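To start, the structure itself, in C-alpha cells.
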Amino acid sequence: MEERKEGRGGEAEAAAAARAAEQARELQDAAAGLLSRTWAEEEALRRQAAALEAELARLRKAAAHADSKKVEEDLDRATCLISDGDIASLLPSKAHGTFLNMFLGPVNLRATRKEVQLKVKEEYNSYRDRTSLLFLLYQAWLLFLYTTLALRENILRVNGSDIRPWWMFHHYCAMLMALISLTWEIKGQPDCSCKQRGVELFLCWAIMQGFAMMLQNRYQRQRLYTRIALGKARRMDVVWGETAGVEGQLLLLCPVLFLLQGFEGYVGFLLLRTAHTGIVPEWQVVVCGILLITMAIGNFANTVETLMAKSRFKAKMKKSKSKRNLGTCSSPTSLSPTNSTVRA
1 MEERKEGRGG EAEAAAAARA AEQARELQDA AAGLLSRTWA EEEALRRQAA ALEAELARLR
61 KAAAHADSKK VEEDLDRATC LISDGDIASL LPSKAHGTFL NMFLGPVNLR ATRKEVQLKV
121 KEEYNSYRDR TSLLFLLYQA WLLFLYTTLA LRENILRVNG SDIRPWWMFH HYCAMLMALI
181 SLTWEIKGQP DCSCKQRGVE LFLCWAIMQG FAMMLQNRYQ RQRLYTRIAL GKARRMDVVW
241 GETAGVEGQL LLLCPVLFLL QGFEGYVGFL LLRTAHTGIV PEWQVVVCGI LLITMAIGNF
301 ANTVETLMAK SRFKAKMKKS KSKRNLGTCS SPTSLSPTNS TVRA
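Quick note: the sequence shown uses full-length UniProt numbering, first residue 1, plus one each step.
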C-alpha cells in the first residue's frame with residue numbers, strides 16, 4: 001500500500017512539473033509574440049516620428065519667409081511635443097561619444113519613458129548637491145593642511161632651519177584663500193555654471209600642484225641627505241622647493257614648476273575677469289583672484305632667484321677649481337731650469 005501511495009505521489013508531481021513546463025512555454029511564446037508586436041508597432045511609430053520631424057523642419061524653413069505668428073506657434077507647439085514629449089524616445093538618439101563608448105561600450109542608454117529621463121536628471125542634480133559638500137570638505141582640508149604646514153615651519157625656523165620667509169607667507173595666503181573658499185556659495189544659483197568652471201580650473205591646478213609636490217619631495221630629500229653627508233647643509237635644514245636637485249632633476253622639475261605657476265596666475269586672472277565683467281560679482285572671487293596672482297608672481301620670483309643663486313654658486317665652484325688646478329701645474333714638482341742644474 002505504501003509503495004502504491006508513493007507511486008501515485010510521484011506521478012502527480014511529474015504531471016504538475018509537466019504542466020508547469022507547458023505553462024512556461026506558453027508564457028514564453030506569448031511574451032515573444034507581444035515583444036514582436038511591440039517592436040513592429042514601435043518601428044512604425046519611429047518611422048512616423050522621423051517623417052514628422054523632417055516635415056516640421058521643412059515647414060519651418062518655408063515659414064521663415066512668412067510673417068505668420070499662428071504658423072510659428074503651431075510649429076513651436078509641435079516641436080515641443082516631439083522634443084519634450086514621449087515622441088522623443090522614438091527618435092534616433094544622439095551619439096554616445098568617445099567617453100561613453102570607452103567605458104560602457106555600444107549599449108543603448110536611451111530611456112523610453114519620460115519619467116525615467118526626468119529621474120535621471122533629478123539624480124544628476126542631487127549628485128551635484130552632494131559633491132558640492134565634498135568640495136567644501138576639500139577646502140576645509142586645505143585650510144588644515146596649510147595651517148599645520150605654517151605652524152611646523154615656524155617651529156623649524158625657531159630651531160635653526162633656513163626656511164625662506166616667502167614660503168611661510170605663501171602658506172599664509174593659501175590659508176586665507178581656503179578660508180574664503182569655504183564662504184563661497186556654489187549650489188543653487190543662476191550663475192552656477194560659471195562657478196563650476198572656476199572649480200574645475202582650481203581642481204586642475206590642485207592636481208598639478210600635487211604632482212609637483214611629489215617630485216619635490218622625492219628629488220630634494222635624496223639630495224638633502226647627500227648635502228648633509230658632505231657637510232654642505234645642516235641637519236635642521238629643509239629643502240626650499242627647487243634648490244636641492246641635481247642638474248638632471250632640475251631639467252624635469254623646473255618646467256613643471258613654471259607651468260604650475262603660470263596656470264596659477266591664469267586661474268587668478270580668470271577670476272578677476274569674471275568679477276570685472278559682472279558675471280560673478282562677489283568679493284570672494286576678487287580676493288581669491290588677487291591671492292592666486294600674488295602667489296604665482298612670488299613663486300616665480302623665488303624660483304628664478306633660487307636658480308640664479310645656484311648658477312652663481314656653480315660658477316664660483318668652477319672658478320675655485322680652476323685656480324687649484326693652475327696652482328698644481330705650477331708646483332715645485334714640475335721641471336724647471338733650477339732643478340735641471342741641480343740634477344746635472
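C-beta atoms are modelled at their ideal positions from N, C-alpha and C, and glycine is treated no differently. Note that this is a predicted model, so its numbers are computed, not measured.
Here the alpha carbons of Arg25 and Leu137 stand approximately 57 Å from one another. Around the beta carbon of Asn108, fewer than 16 other beta carbons sit within 10 angstroms, so the residue counts as exposed. Burial is judged here by how many other beta carbons sit within 10 angstroms of a residue's own beta carbon; Tyr146 has at least 16 and is buried. Distances from the CA of Leu133 to each of Ser181, Glu115, Phe103 were compared; the closest alpha carbon is that of Ser181. In the structure shown, the three-state DSSP call for Asp74 is helix. Closest in alpha carbon position to Gly268, among Pro255, Val256, Leu257, Gln284, is Gln284. Ile163 carries a coil assignment under DSSP once its states are collapsed to helix, strand and coil. In the three-state reduction of the DSSP assignment, Leu142 falls in the helix class. A straight-line Cα-Cα distance of about 10 Å links Asn159 and Glu153.
In this structure Gly289 is buried. Its beta-carbon is surrounded by 16 or more other beta-carbon atoms within 10 angstroms. Your pair Leu143 and Ala178 checks out as a contact, with CB atoms roughly 4 Å apart and the cut at 8 Å. Residue burial is scored here from C-beta neighbours: Gln28 has fewer than 16 other C-beta atoms within 10 angstroms and is therefore classed as exposed. Bounds of the alpha helix (DSSP H) holding Thr98 are 97-104.
For the set Thr98, Ala57, Leu100, the Cα lying nearest the Cα of Cys80 is the one of Ala57. Val256 sits away from Phe202, with the two beta carbons spaced by 8 Å or more.
Distance from Thr294 to Cys173 at the Cβ level is roughly 6 Å; contact confirmed, criterion being Cβ atoms closer than 8 Å. Comparing alpha-carbon positions, the option among Trp166, Asn125, Ala16, Met175 lying closest to Glu305 turns out to be Trp166.
Note that the C-beta distance between His171 and Asn299 is not below 8 Å. When DSSP states are grouped into helix, strand and coil, Ala64 belongs to the coil group. Beta-carbon to beta-carbon, Leu292 and Leu271 are separated by about 7 Å, close enough to satisfy the 8 Å threshold. Out of Ala15, Glu13, Glu11, Leu151, the CA that lies nearest to the CA of Met175 is found in Leu151. One thing to note: Leu52 has its Cβ no nearer than 8 Å to the Cβ of Ala63.
By the 16-neighbour rule on beta-carbons within 10 angstroms, Ala16 is exposed. The C-alpha of Leu35 is placed about 55 Å away from the C-alpha of Thr183.
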